[in-house]
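Chains P, S and X, in that order, are what the protein sequence lines are.
Take 56 as the starting number for the first sequence in the numbering used here and just add one per residue.
Take 559 as the starting number for the second sequence in the numbering used here and just add one per residue.
Take 2 as the starting number for the third sequence in the numbering used here and just add one per residue.
Here's the structure, in structure tokens; my notes come after.
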Amino acid sequence: MSDIIKAFPGVRALDGVTLQVQAGEVHCLLGQNGAGKSTLIKVLAGAHRPDSGTVTWRGEEVVLRSPIAAMRLGIATIYQELDLVEGLSVAENVFLGHERTAAGFVIRGRDTRVAAAELLRRLGHEEIDASRAVGELSAAQRQIVSMARALSHDVRLIVMDEPSAALDPDETENLFRIVRELTADGVAVVYISHRLEEIRRIGDRVTVLKNGRSVAGGLAVEETPDREIIALMTGREIEHVFPGRSAPRQSAPTVLRTRGLAREGEFAPLDLELRAGEIVGLAGLVGSGRSEILETIYGARRPSAGEVSVDGRRLRPGSVRSAVAAGLGLAPEERKAQGLFQLESVTRNVSVSTLSRFARLGWLDRRGERVATKAVTRELSLRPDDPDVLIRTLSGGNQQKAVLARWLLRDCRVLLLDEPTRGVDVGARAELYGVIRRLADAGLAVLLVSSELPEVLGLADRVLVLREGRVVDAAPAPDLDENRILDLLMAAHADTTSPGTEPS
Amino acid sequence: MPEKILTSRRRVLFGAAIGAGALVTGCTSNASSSDESAATAPETAGKPGKPVTIGFAGPQADHGWLNAINENATRRAEQYEDVTLEITEGSNDTATQIGQITTLINKKVDVLVILPADGKALTQTGLEAMRAGIPVVNLDRIFNSPQAYRCWIGGDNYGMGLNAGRYIGERLKDVADAKVVELAGLDTLELTKQRTQGFDDALGNYPNITKVARQAAEFTVESGQAKMAQLLQAQKDFDALWNHDDDQGVGALRAIEQAGRDEFVMVGGAGSKSAMEAIQSDDSVLKATVLYPPTMAASAIDLARALGQGKGVSGLAELEIPSSLTLYSAIVTKDNVEDYLPTGFI
Amino acid sequence: MTQQPVSSPRRAVPQSAGRGKLPVRGGPAGGRPPGPLARLGRQADVRNLSLLGVLAILVAVGGVTEPDTFLAGSNLQLVLTQASIIGVVTVGMTFVIAGGGIDLSVGAIVALASVWATTVATQEYGFTGILFTAVVVGVGCGLVNGVLVAYGGMVPFIATLAMLASARGLALQITDGRTQIVTVDAVLDLGAPGAYVLGIPPLVLVFGAVTVLGWLFLNRTTFGRRTLAVGGNAEAARLAGIDIRRQRLYLYVLSGLCCGIAAFLLIVLSGSGQNTNGNLYELDAIAAVIIGGTLLTGGRGTIVGSVLGVLIFTTITNIFALNNLQSDVQQIAKGAIIVAAVLLQHRTLRRTGGV
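Take a look at the structure:
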């Protein structure tokens, strides 16, 4: 592809991008959110037609009119939001749109299942039953099905949009194995990821997008240091990704306390104390009960035992309103689905939990609302500095700031952060870390959940390591390192992955 | 004030009930219930014959006229010592009605009286009953095939329009360039088309009369008010109005009153009690109504009983009862309203 | 750039953050940047403007085809009067739909309230008795809907469908299929020209009041804001500490209240109560809400749009009646105009870069 330009009303999403992919290589595509990655792969998939520029496929100039046209050429795309039909079986999904038929319309069910099973076997996942409904599968298994779907065509180029986002380290390993096998067969892979270490492990060459332009094309991964890549993406070098810790404050009062808090089947009784000004990290694999603990403390799930108290006062179990009233605030894991009102402005997203403060007899003082929310969003350097802009036009990092602003506006005492940097690009992360540390310094207690160990280690004062719903280790963050935690987690993983049981 | 009107109205009903009850022999039922079923008592009521079980299936009584049908049938049957009436819960759903009629067939009733929700859709069921040896009296909405009923009795929709047209024609025959407006019933029903056809045909005889507007309401007060209000807005001056249905006429009269109009003559349809009372008191534009008598249900019971006992209709030379009876859509005016008032439905 | 906020950590002292007392750097505190605000305003206007455009076209058609009758003041009275009943129902429906629900029972509630309020027994209590009964029955039905949906966990479609069936059944049982004539003069007089205030029928005044109150409620109160929050993203609203069940309950009660008011207006207009009242109001109201620009999935609602939608429908009916066109043609045209209005809206929005 060369000099691709695609403009949408108000935005020039792609402003001259060139991407060259060779057969049999893993070509990584990097860029911050909004750099144009999604648009570019949609052009590749035939979902968008570029305004200008050319696509050359095996030496010939082609026009990708539609997704089907792209697929016929041998270009398959695995989107981030997997596009599977939950009610249909695995086999039916794999061959959706190009069903194996007799006489043109009668679906040959058996033949379909056999062919699908063969593709799954090639991907190393024989255990997925081709006749099961996709809705019953885990996120990782669905990813495999998506991949099988891509392979069901005679594919020469596979585009993967953040394929590891929903995967465990284990499953990611398997993904890498598959990618290597594909490239060994001469298939080219365009791999998009936020995670630099993945790119380092699997990538052959890298193209960096910034503001709709390709700022570096086809750099060999091995010869390019991280710093250079980050610099290319952000346009600046990041010296200290994590802000420095303040001196430990043993004298600070305990704000949040849980006693024997438990949910059957999810996590064992937990005693936790959180002091003002402290950041405590929960480290653990997907399914270790991290998010469940956060949501139970917050009252979004009803505990089967135990209690939560804030400043010594017990919260009503299973009541979000009681938790919010006591000064708890949650930045949920699924920001779009659980945190944001997509149709609304920044102001309205921030003020939603504080409405009664701006109201007299239900009547809103909209000026007061704007003034107060704007003060908070400015404190967090939320961009753009416009309270009326729609929240969904913001980048992930700024959306997360809006969620934080919501709780700051409420004078909240405890922040529960579930994967606060998910979907936030590298440059913006550092800024977000700064914000979180700053809030803690100002006296907030923060409970942090993250799948990224460096994030937990770098940001938290204290870390609890979770395995199977139990705390297996607790220590000040400076006393831990990534290897030690990984050992703890991996040991646990080996324990539990006995034959026949599925990780839940 | 309002209470007074209500009680006086109740008294009228009560009086009518006693009057009718006095004519009926063997009627022991509660006299407090109103009785609009019969202006004349059945001739044969005094001489009980062979016992007859009559099955009756009608549509849901969600409308004044249909309600009157059910009441007429029930009352009439109560007046006969030798008649047992098996009445089903009314339904507008064809499938439900088929089920109900099949049940009646299985119960081996002697005669069936059926007012189908949809005549065409129930033809097959009528055929089955006839094949099972049960004579069917088809009430008003006609089956597709004459084989599906022994006798059909019903109103005359075309005749209704015809008589309404004639009445208006006669009243306006000396008015030059007379204008007429029509407020029709539900346009999706065939009977509405038939009524309009009859009306147009009758008006065709009077060259000085033009029908200037027609709107279709939905047999409801609400729609009657809405459509009439529009008609009154569209036609600033006309001489006569025919409204197909007295139920929607309540709304139409309300709209006329609200618009403060009185330059025209209004003729109603079907023959509700409130319409007849308005005609009697002669203080509104409503001067007449064309009958579509719900007493046909009482007559259907008479016919069913005669069929069950193997009799003919007295007053006719034939031994058998006729295979079809079309009722006359009489025009009720101030002059004869006294006679018809007891048959008016609420 | 990243370091800037870190350099002033004390600024985000949470205790003071919410009160709006913070010293804010640069610019007038919370001042209104005209650009984006005007843009937002314009977007809302565009949506309503296209509806006004449709209305203007209709008025032009009416004015050309029937200049004498259509443009008369009495016809304006007529159109507004005919719009007022379904209009009040539509305002309530706008809230329910903007809050992510649907109320299929509005027509049935209007029917039930109108017959309950016109029974012989109720009429003995005169004007107040009728008004009170209509409103209480409406609110009661709304309460049942709300409890079933909010606390019983029923899907709104099903809960209100059940209410539709049972309210219609109860209305039939009360009336026995008969038309209940109203004899209370105070009620009847309200629908007569004598009761017009400065040439405006009382029904239209009530419609206007409900519209204004509805607009204020949706756009200027915490109730309206929470409605949009629950409709836009119920899970996010719950996690933001909003009592989403109570909010949902209120929405259906509000819709029921509107139905009760509409039932009273219908009694005034038709001088009667009948179990067939309110026939297919649910569809008319939903159609008006949707062409008005409220999202069927919730989260965005516009009272002005809904009312314009109602006026469009009423004007169509009026023009067709004045031109003596029959109901078959009316229905076809109504369908076509729904499609045209929605298409026009989308086109205008796309051109102006809206959603």
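Ideal Cβ positions, reconstructed from N, Cα and C, are used throughout, including at glycine.
Same chain only: Cβ atoms within 7 Å of residue i, ignoring 5 sequence neighbours per side
| i | result |
| --- | --- |
| LEU312 of chain X | LEU56, ALA84 |
| ALA381 of chain P | VAL365, ARG368, LEU370 |
| GLY607 of chain S | ASP640, GLN867 |
| LEU297 of chain X | ILE98, ILE291 |
Distance between residue j and residue i (C-alpha atoms, nearest Å)
| i | j | result |
| --- | --- | --- |
| LYS892 of chain S | SER51 of chain X | 55 Å |
| ASP651 of chain S | ALA675 of chain S | 7 Å |
| PRO35 of chain X | ILE213 of chain P | In this predicted model, PRO35 of chain X has a pLDDT of only 43, less than 50, meaning its place in the structure is not dependable; the value taken from the coordinates is given anyway. Spanning the two alpha carbons is a distance of roughly 47 Å. |
| ILE287 of chain X | GLY336 of chain P | 49 Å |
| LEU799 of chain S | VAL825 of chain S | 6 Å |
| GLU636 of chain S | GLY88 of chain X | 48 Å |
| SER595 of chain S | ALA771 of chain S | Below a pLDDT of 50, predicted positions are generally treated as unreliable, and SER595 of chain S, at 42, falls in that range; no measurement from the model is reported. |
| ALA483 of chain P | VAL527 of chain P | 32 Å |
| THR73 of chain P | SER269 of chain P | 6 Å |
| ARG539 of chain P | GLY513 of chain P | 15 Å |
| SER591 of chain S | ARG633 of chain S | Any reading at SER591 of chain S must be qualified, since the residue scores a pLDDT of 39, below 50, and its modelled position is unreliable; the value itself is stated next. Near 10 Å, if we compare the C-alpha coordinates of ARG633 of chain S and SER591 of chain S. |
| LYS335 of chain X | ALA784 of chain S | 17 Å |
| LEU266 of chain X | THR129 of chain X | 13 Å |
| ARG421 of chain P | LEU487 of chain P | 28 Å |
Listed by chain order, chain P residues near residue i by CB distance under 7 Å
| i | result |
| --- | --- |
| ARG301 of chain X | LEU398 |
| ALA1 of chain X | With chain X covering 2 to 356 only, the question about residue 1 of chain X has no answer from this structure. |
N- and C-terminal bounds of the beta strand (DSSP E) containing residue i
| i | result |
| --- | --- |
| GLU644 of chain S | 641-645 |
| ASN801 of chain S | 798-801 |
| PRO531 of chain P | 525-531 |
| SER882 of chain S | 882-884 |
| THR683 of chain S | Premise fails: THR683 of chain S lies in the alpha helix (DSSP H), 681-689, not in any beta strand (DSSP E). |
| SER269 of chain P | 268-275 |
| THR313 of chain P | 309-318 |
| ASP759 of chain S | Looking at the DSSP string, ASP759 of chain S is not in any beta strand (DSSP E); the run it does join, the alpha helix (DSSP H), is 748-761. |
Within chain X, the residues that residue i reaches when beta carbons sit closer than 9 Å
| i | result |
| --- | --- |
| SER411 of chain P | THR223 |
| VAL843 of chain S | Residues of chain X passing the Cβ test: none, with the nearest at roughly 15 Å. |
| GLN563 of chain P | Nothing about residue 563 of chain P can be read from this structure; chain P reaches only from 56 to 559. |
| ARG772 of chain S | ASN325, GLN327 |
Other residues of its chain near residue i: CB distance less than 6 Å, five sequence neighbours each side excluded
| i | result |
| --- | --- |
| TRP216 of chain X | ILE304 |
| LEU385 of chain P | TYR353, LEU471 |
| PHE396 of chain P | ASN404 |
| ALA875 of chain S | none |
| GLY723 of chain S | PHE757, ALA760, LEU761 |
Limits of the alpha helix (DSSP H) - the one that residue i falls within
| i | result |
| --- | --- |
| GLN174 of chain X | 157-176 |
| LYS429 of chain P | 421-434 |
| GLU236 of chain X | 235-240 |
| ILE98 of chain X | 74-99 |
| ALA836 of chain S | 831-839 |
| GLY208 of chain X | Sequence check: residue 208 of chain X is Phe here, not Gly. Looking at the DSSP string, the run of the alpha helix (DSSP H) that includes PHE208 of chain X is 203-221. |
Chain S contact residues for residue i, given Cβ-Cβ distances below 7 Å
| i | result |
| --- | --- |
| ARG179 of chain X | GLY622, ASN625, ILE904 |
Amino acids of chain X, ordered along the chain, whose beta-carbon sits closer than 7 Å to that of residue i
| i | result |
| --- | --- |
| VAL379 of chain P | GLY242 |
| VAL641 of chain S | Near VAL641 of chain S there are no residues of chain X at all, since even the closest Cβ is about 24 Å away, more than 7 Å. |
Contact list for residue i against chain X, beta-carbon separation under 8 Å
| i | result |
| --- | --- |
| SER832 of chain S | THR180, ILE182 |
| ALA787 of chain S | LEU79, THR82, GLN83 |
Cβ-based neighbour list, residue i, same chain, cut-off 8 Å, excluding 5 preceding and 5 following
| i | result |
| --- | --- |
| THR428 of chain P | VAL401, THR402, VAL405, SER406, PRO442, ALA460, LEU464 |
| GLY451 of chain P | ASN88, ARG390, ARG477, GLY478, VAL479, ASP480, ALA483 |
| ASN702 of chain S | GLY677, LYS678, THR681 |
| ILE262 of chain X | VAL89, ALA135, VAL136, GLY139, VAL207, VAL211 |
Chain-ordered chain S contacts of residue i [CB-CB under 9 Å]
| i | result |
| --- | --- |
| GLY1 of chain X | Since the displayed chain X opens at 2 and closes at 356, residue 1 of chain X lies outside it and no answer follows. |
| THR277 of chain X | ASP620, HIS621, GLU776, PHE777, THR778, VAL779, GLU780, SER781, ASP805 |
Interface positions of the region 232-243 of chain X facing chain P (Cβ-Cβ less than 8 Å), listed along the chain:
GLY233, ASN234, GLU236, ALA237, ALA238, ARG239, LEU240, ALA241, GLY242, ILE243
Using a Cβ-Cβ cut-off of less than 8 Å, list which residues of the region 281-305 of chain X approach chain P; keep chain order.
LEU296, GLY300, ARG301
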